[in-house]
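The structure appears right after this line, and notes come after that.
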Amino acid sequence: MTSTADQRPATGPGRLAGRTVLIAGAAGGQGRAGAVLFARQGANLALCDIDEVGLETTQDAVRGDVPGTDVLTARVDMRDVAAIERFAAEVTDRFGVIDVVYNNAGINHVGALADASEEDFERVHDINLKSAFFLVKAALPGLKRSTSASIIIVSSGAGLLAPADGNALYCSSKGGLISLTRALARDLAPLGIRVNCLLPGPIETPMVHKFFAAMPAERQQEVRDEVLSRSLFKRFGQPEEVAAMAVFLATDEATYVTAGIIPVDAGWIAV
Ligand SMILES: NC(=O)c1ccc[n+]([C@@H]2O[C@H](COP(=O)([O-])OP(=O)(O)OC[C@H]3O[C@@H](n4cnc5c(N)ncnc54)[C@H](O)[C@@H]3O)[C@@H](O)[C@H]2O)c1
52 MTSTADQRPA
62 TGPGRLAGRT
72 VLIAGAAGGQ
82 GRAGAVLFAR
92 QGANLALCDI
102 DEVGLETTQD
112 AVRGDVPGTD
122 VLTARVDMRD
132 VAAIERFAAE
142 VTDRFGVIDV
152 VYNNAGINHV
162 GALADASEED
172 FERVHDINLK
182 SAFFLVKAAL
192 PGLKRSTSAS
202 IIIVSSGAGL
212 LAPADGNALY
222 CSSKGGLISL
232 TRALARDLAP
242 LGIRVNCLLP
252 GPIETPMVHK
262 FFAAMPAERQ
272 QEVRDEVLSR
282 SLFKRFGQPE
292 EVAAMAVFLA
302 TDEATYVTAG
312 IIPVDAGWIA
322 V
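Laid out in structure tokens, this is it:
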């Protein structure tokens with residue numbers, strides 16, 4: 052069986068009317084932008100994050116932009132597989148279906164090999180990689196009830212290349228997500244579930260702000276220039292520019308797109 056478009060309109064506003072979108076890592080940055088853009092397409096939202104205050108701000112942003120959106124929020128630590136399972140079950144119970152999983156939660160890590168602990172390795176890989184596997188597994192019963200199921204996994208350009216020193220843990224976790232996408236796309240194609248992976252370039256979010264704040268002030272401009280030297284537009288991307296691609300991948304305009312490893316990066320990995 053292959054994924055087929057149903058009778059719902061494929062273009063225009065409301066492309067995801069009535070569908071249920073689960074976003075992990077929805078408390079800020081790209082996840083918050085995604086929540087608003089998915090809501091504009093008429094979706095119901097199930098949002099989780101470890102940051103409850105940020106989740107509330109996202110919920111307010113959604114309700115301010117698209118009043119009446121049905122939003123379920125929950126504090127979930129993506130290191131906690133049982134909590135992921137509980138949330139996916141709650142979403143399926145509440146909405147009857149999961150049409151879209153947008154797996155966006157992630158953390159950065161920069162540090163020399165000699166300083167990295169086993170705990171560092173586990174934290175980065177648990178949050179960035181292991182959580183994606185178990186979120187998809189937990190969402191499967193809900194996804195199987197959808198006629199147009201789609202999974203979007205957020206990796207990074209750093210999953211394909213090593214853009215800076217001290218990036219081994221981040222790069223290996225994000226590289227794993229690329230392989231995971233391909234393998235899941237193969238396994239889930241017979242169920243009509245599409246699986247795609249986004250590779251954002253440098254995007255202006257709290258993650259990037261923290262990255263710069265952690266370095267000495269005199270290094271910041273140099274590193275900023277270095278990062279942007281790979282962007283053909285010489286600027287950071289905005290969270291909405293990534294989220295817009297996630298929305299597209301979730302719609303019936305993308306019914307022939309699966310196992311896609313899709314950069315949203317102004318050429319960042321190409322040059
Ligand atoms: N900003 C960039 O330049 C960039 C580039 C490439 C890829 N990415 C990826 O994009 C995704 C979104 O990041 P962002 O840029 O919006 O940054 P962000 O820090 O604003 O968003 C990450 C979200 O993940 C959540 N999170 C972190 N640990 C968690 C945990 N244990 N359990 C639940 N939630 C947790 C955070 O609270 C936050 O809301 C991440 O996967 C990141 O690796 C970002």
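Counting in the numbering used here, the sequence shown runs from 52 upward without gaps. Note that CB positions come from ideal geometry on N, CA and C, so glycine has one too. Being a predicted model, the structure only gives us computed values, none of them experimental.
Candidates the options: closest to residue i by CA position
i, options, result
"A140", "R126, A190, R130 and H176", "A190"
"Y307", "Q81, S201 and V132", "S201"
"I101", "Q110, K188, G76 and Q271", "G76"
"L300", "I203, E273, F184 and R83", "I203"
"D128", "N155, I320, T108 and G115", "N155"
"S168", "A125, L220, V293 and D316", "L220"
"G311", "R126, A68, V205 and V104", "V205"
"Q289", "G80, A163 and Q272", "G80"
"T124", "D131, K285 and L96", "L96"
"K285", "Q110, V322 and V246", "V322"
"D150", "V293, V246 and H160", "V246"
"Q110", "V132, G82 and A133", "G82"
"V132", "T108, K188 and V274", "K188"
Residue i, DSSP secondary structure in three states
i, result
"R237", "helix"
"N154", "strand"
"P192", "helix"
"G69", "coil"
"A278", "In the sequence as displayed, the identity of residue 278 is Val instead of Ala. Looking at V278 - three-state DSSP - the assignment turns out to be helix."
"V322", "coil"
"N247", "strand"
"C222", "helix"
"V148", "coil"
"V315", "strand"
"G252", "coil"
"G208", "helix"
"G162", "coil"
"S201", "strand"
"G227", "helix"
"S54", "Low per-residue confidence applies at S54: pLDDT is 42, beneath 50, and the placement is therefore not dependable enough to give any value."
"P60", "Confidence is the limiting factor: at P60 the pLDDT is only 46, short of 50, which leaves the residue's position unreliable, though a coordinate-based value still follows. Coil at P60, not helix or strand."
"A310", "coil"
Whether residue i touches residue j by CB criterion (7 Å)
i, j, result
"L375", "I74", "No answer is possible for residue 375: it lies beyond the span of the chain, which begins at 52 and ends at 322."
"V113", "A86", "yes"
"I158", "I178", "yes"
"T143", "G193", "yes"
"S224", "L186", "no"
"F146", "T71", "yes"
"R66", "T309", "no"
"G208", "L249", "no"
"A84", "E291", "yes"
"A297", "Y153", "yes"
"G252", "D166", "no"
"V148", "S199", "no"
"I313", "L211", "no"
"A213", "C222", "yes"
"L228", "A183", "yes"
"A103", "R130", "A quick correction: the sequence has Glu, not Ala, at residue 103. Contact: no."
"G318", "L283", "yes"
Given 8 Å as the limit, is there contact between the region 170-186 and the region 117-126, that is, 3 or more CB pairs closer than that? Counting Cβ pairs under 8 Å, fewer than three are found: no touch.
Decide if the region 253-270 is in contact with the region 226-245; the criterion is three or more beta carbon pairs, one per stretch, under 8 Å apart. Contact between the region 253-270 and the region 226-245 is absent, because fewer than three Cβ pairs lie under 8 Å.
Counting pairs of beta carbons, one from the region 88-101 and one from the region 260-268, are three or more of them closer than 8 Å? Contact fails: fewer than three Cβ-Cβ distances are below 8 Å.
Ignoring anything shorter than 3 residues or poking outside the region 76-138, list the beta strand (DSSP E) runs there in chain order. You should have 95-100 and 122-126.
At least 3 beta-carbon pairs within less than 8 Å: the region 269-278 vs the region 218-236: These segments do not touch.
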